[in-house]
Every structure is written in C-alpha cells, then in structure tokens.
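Since the structure comes first, as structure tokens, the remarks are kept for the end.
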Amino acid sequence: MMRFVLSALLFCLLAAPALAVQPDEILKDPALEARAREVGKDLRCLVCQNQSIDDSDADLARDLRVLVRERIVAGDSNQEVIDYVVSRYGDFVLLNPPFKLKTYALWFGPVAIILFGMFAIFMFFRRRGDGAVESDAARPAGNGLSDAEKEKLAKLMDGDGQ
Amino acid sequence: MKRLFYILPLVGFLVIGVYLGVGLTLDPHKLPNMLEGQPVPAFDLPGLEGRDEKGFSSADLLGDVSLVNVFGSWCVACRIEHPFLMKIKENGWVPIHGIDWREPDRNAGPVWLRRHGDPYTLIGDDPRSIAAIAFGVTGAPETFVVDKQGIVRYKHVGPITEQVWAETLKPLIDHLREQG
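Structure, rendered in structure tokens:
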C-alpha cells in the first residue's frame, strides 16, 4: 500500500506543466523553441489576462505564440520580439511590470509600507515603555497598589467583596 | 507632535483608500491605444474570396479619412453594430475598410456578408492575426479612425452605436477632414 502511494506521488512529480503550446507550433530547433518559451512565459494573453500566452488556449494567444516563433526564426533577439509586442499592446502585455517612473509606486510601495509599519511598531513600544515607567514612579512603593487598592484586593481574596 | 502621531493611521488609511478606490474604477480590459498618433502599421492582406482581387494594404489608407473595422463572422457583437455600419455606407458618411479576422475558413466571411450586407470598401482576410496583432487588437469589433496621412487617430473598442457615432466618431472625422 505504502509503496503504491509513494509511486503515485512520484508520478505526480513527473507530470509536466500543462502548456497550451500545440505540437504543430513547436519549432524544430530546440534552442529556438526554448527561447520562444522564454519569451512566451513573460507575455500576457490579452483575452484571459491572467495567463501567459504559453498557458492560454485563446486563439489570439496562439497567434501571438506563432508570431513570437516567426520573429525568432527571422533572427530577432528575445528583447526585440518583446519590444514589438509591447509597441502594439503597451506595458500591460508584460507579466513582469517594467521598472520605470510610472511603476515606482508598484515596486517601492510594499517596502515603504513595511518600513512605515516597523516605524509605527517601534514608536508604539517605545511610548508604552516610557508610559509604564512614568506610572510606576507615580505609585507608592511595594507592589504598586495604593492602600485603598490593597484593602479592596484583600476583601476580594477573602470572598467578602460581593 | 503627539496629536500628529494619532492622525498618522488615519492619513495612512486615507492614502490607501484613495489608491484602492481609484484602482476599482479602472477597467483592466481597457488597454491604451499604442498606435494613436502613429502611422498605420504596414500590412498587406489578401482580399476576400471572390470580392477583392487586390486585397487590402496600409497604402490603401492614404488620401482620405477612413475607418478600419476589425470583424469576424464568429463575432456576436459585430452583428450588433452591423446595421449601423450599413447605415454609414448608405449615407456615404465615411469609407469603412474591413479586416476579416480569424475566419474558420475562406468562405465564412463572404457568406456572412451576403447574409447581413456588405458595408465595406476594401476587405483584407486575416486568418492568422497578422494585421490584428500589428494594430494591437484584443477582440472584435474594434474600429480605428485613420486620417488622410494614414495616421491612426482613435480606437473604438466594441460595437459602434448611434451614440458612439454622434458623440465621438463623427466630430473627430469632421475635424480630421477640415485639417486637410
């Protein structure tokens, strides 16, 4: 039984990711095909929008995959292919947003929020620390209770407090 | 100073709130028209079976203000706008050229046009999205307004309605014609 479960798990590991790339699209030259995959995984399918063109079954994604391959075969570099598609569809087509003035908020935002949060936590604990020292000093020595409080506590402990 | 510190979370909340609020009003399907102000991309499409012998190429767009309409027989929204395209044709308001996009076979486009009428001046057959991708098309129908110099001036996504024509396309076309 155990052996069966283990081998089933192993077979799961063997499963290749399910790409939408069709056999008739694949280039004969494995090196070029690898480059096409490299480009394709960074390009957004404009129809389904949250998949890359390599993952998408949409017709337009298929035509984009074919276009990527044609351009690579024609001698374009990966960047030239990506630049062409961006020139048609804009930065949105890139699954990885580019690092430029318009996207600084996107890239620096999370870091800024974490820094702000750390600053806020630091200030919170520092102030609480100060406050505790202050109020302790204001209280009489001993366990920090005033005489009236001690009396009340004693009553409660004796069970007469009700 | 102390009061300022208490206001900080509120300020933070407002900043994030405004940010996300603006984000909610953005439509991720609305992409920028990368071609606006750019010359029409170079394309040279074959014509439709038995209709256009010469086909349809970017050179055909020089000389007159025109519309380039991306359609397909499979496209439901295209049927919605089709009667209005016919109206434009009948009144001779502006020449409409068609890019017949991703037809399943060579006959689908001509059959569809025989059934619903043919408002187009020239039509190019684009089964493999060559011109469609060059124009940055993401769906059909999409319509481009091209001026006399062959510069793309506007992209309309979705069906052309009476309202779109009256409020957006017609004023723009009139303006472009005046410019000469």
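Protein sequences appear in the order of chains A and B. First residue of the first sequence: 1, per our numbering; consecutive thereafter. First residue of the second sequence: 1, per our numbering; consecutive thereafter. Note that beta-carbon positions come from the ideal geometry of N, C-alpha and C, so glycine has one too. Everything numeric in this text was worked out from a predicted model, so none of it was measured.
C75 of chain B counts as buried, since no fewer than 16 other beta carbons sit within 10 angstroms of its beta carbon. Check the Cα spacing between V152 of chain B and each of B:T25, B:T143, B:G158: the tightest is with B:T143. Taking A58 of chain A as the centre and dropping the five residues before and after it, the same chain places the C-beta of C45, V47, C48 closer than 7 Å to its C-beta, in chain order. As DSSP reads the structure, W101 of chain B sits in a beta bridge with B:D126. One Cα belongs to I96 of chain B, the other to D125 of chain B, and the distance between them is close to 15 Å.
Here I82 of chain A has V39, D42, L43, L94 as same chain residues with Cβ atoms under 8 Å from its own Cβ, once five neighbours each way along the sequence are excluded. With fewer than 16 other CB atoms across the displayed protein chains lying within 10 angstroms of its CB, Y19 of chain B is exposed. Beta-bridge annotation (DSSP): S52 of chain A is paired with A:R44. For A166 of chain B, the nearest beta carbon of chain A is not closer than 8 Å to its own beta carbon.
For M86 of chain B, no chain A residue has a Cβ inside 8 Å of its Cβ, as the nearest lies near 27 Å away. Cβ-Cβ separation between C78 of chain B and A140 of chain B: approximately 6 Å, consistent with a contact (criterion under 8 Å). When B:L31, B:V157, B:D60, B:L61 are compared, the shortest CA-CA separation from V86 of chain A is found for B:L31. Under the 8 Å criterion on CB atoms, G37 of chain B is classed as non-interfacial with respect to chain A.
Contact between the region 112-126 of chain B and the region 51-63 of chain B is present: 3 or more CB-CB pairs across the two stretches fall below 8 Å.
Beta bridge pairing from DSSP links L67 of chain B with B:I96, B:V145. With a contact defined as Cβ atoms closer than 8 Å, L169 of chain B and V146 of chain B miss out at about 12 Å. Under the three-state reduction of DSSP, F99 of chain A is assigned to coil, being neither helix nor strand.
In this chain, the alpha helix (DSSP H) harbouring Y19 of chain B covers 2-25.
Under the three-state reduction of DSSP output, Y84 of chain A falls in the helix class. Fewer than three Cβ pairs drawn from the region 23-42 of chain B and the region 83-93 of chain B lie within less than 8 Å of each other, which leaves the two stretches out of contact.
Taking a 10 Å sphere around the C-beta of T161 of chain B, we find fewer than 16 other C-beta atoms and assign the residue as exposed. The continuous stretches of beta strand (DSSP E) do not include R106 of chain B, and DSSP gives it neither H nor E. Residue nearest to P28 of chain B within the set B:F84, B:T138, B:N69, B:P104 is B:T138 (criterion: CA-CA distance).
Beta-bridge annotation (DSSP): Y154 of chain B is paired with B:V145. Residue state for D91 of chain A is assigned as helix, using DSSP reduced to three classes. Sorting B:V164, B:L24, B:D118, B:E178 by C-alpha distance to the C-alpha of L48 of chain B places B:D118 at the top.
Look at the region 82-101 of chain A: the residues with a C-beta under 7 Å from a C-beta of chain B are S87, R88, Y89, G90, F92. Looking at the backbone, the Cα of Q149 of chain B and that of R177 of chain B are separated by about 11 Å.
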